[in-house]
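Asks: In this text, residue positions in the sequence shown follow full-length UniProt numbering: the first is 1, and each later residue adds one.
The C-beta atom is built at its ideal place from N, Cα and C for all residues, glycine as well.
Because the structure is a prediction, the values reported are computed rather than measured.
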Amino acid sequence: MERVSLTETTEAVENVHLAQLAAGEEMSVQHFEFEPGATVPKHDHHHEQTGFVYEGELTFLLEDGEEVVNAGESYVIAGEELHGAENRGETVVRGVDIFSPPRTNPDWAE
1 MERVSLTETT EAVENVHLAQ LAAGEEMSVQ HFEFEPGATV PKHDHHHEQT
51 GFVYEGELTF LLEDGEEVVN AGESYVIAGE ELHGAENRGE TVVRGVDIFS
101 PPRTNPDWAE
């Protein structure tokens, strides 16, 4: 069994910190933290992405508008769906993403 600590993070874009927590044959798990004002630009990937925000409020930027996900809420983003995210609040947003198939070598990790 492989174990990863949340102290092993990567700054994917300015003020957005990600940690690859686990990866199996069918899915991977990633932790995220968005500092206030942080933005992940719109992008897409072939992975289906499900997630859960456990602290703060994250605004998703989608092709057809915006969706706000609050602490205690989850979301699903289909593979190939264009999306981005912003923390428009004054506190850190924290959550967990699950990707299928596994996203073990995302662009931000290179």
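1. Are E86 and T9 close, meaning C-beta to C-beta below 7 Å?
2. Excluding the 5 residues flanking E26 on each side, which residues of the same chain have their C-beta closer than 8 Å to its C-beta?
3. Could I get the ranges of all uninterrupted beta strand (DSSP E) runs contained in the UniProt domain "Cupin type-2" (31-99), with 3 residues as the minimum, in chain order?
4. Is the beta carbon of A78 sitting closer than 7 Å to the one on Y54?
5. On a Cα-Cα basis, can you pick out the residue from D64, E81, V16 that is closest to E35?
6. Check T9 in the structure and name its three-state DSSP category.
7. Output yes or no for whether 7 Å exceeds the beta carbon distance between T59 and I98.
8. For T104, which option in V76, R88, A22, E73 has the closest C-alpha, if you only look at C-alpha atoms?
9. Rank F32, G24, S28 by C-alpha distance to the C-alpha of V13 and give the top, closest one.
10. Could you give the C-beta distance for V93 and G65, rounded to a whole number, given that I count them as a contact under 8 Å?
11. From V96 to E11, what does the alpha carbon distance come to, in whole angstroms?
Replies: So, from the listed chains and residues:
1. Between E86 and T9, the C-beta gap is not smaller than 7 Å, which leaves the two residues out of contact.
2. Counting only Cβ-Cβ distances below 8 Å, and skipping sequence neighbours, we find S100, P101, P102.
3. You should have 39-43, 48-55, 57-62, 65-70, 73-77, 83-86.
4. Cβ distance not < 7 Å, so A78 and Y54 don't count as in contact.
5. Out of D64, E81, V16, V16 has the C-alpha closest to the C-alpha of E35.
6. T9: coil per DSSP, three-state reduction.
7. Cβ atoms of T59 and I98: not closer than 7 Å.
8. Checking every option, the nearest Cα to that of T104 belongs to A22.
9. Closest option to V13, Cα to Cα, is F32.
10. Not really, about 19 Å apart at Cβ, beyond 8 Å.
11. Their Cα atoms are separated by approximately 16 Å.
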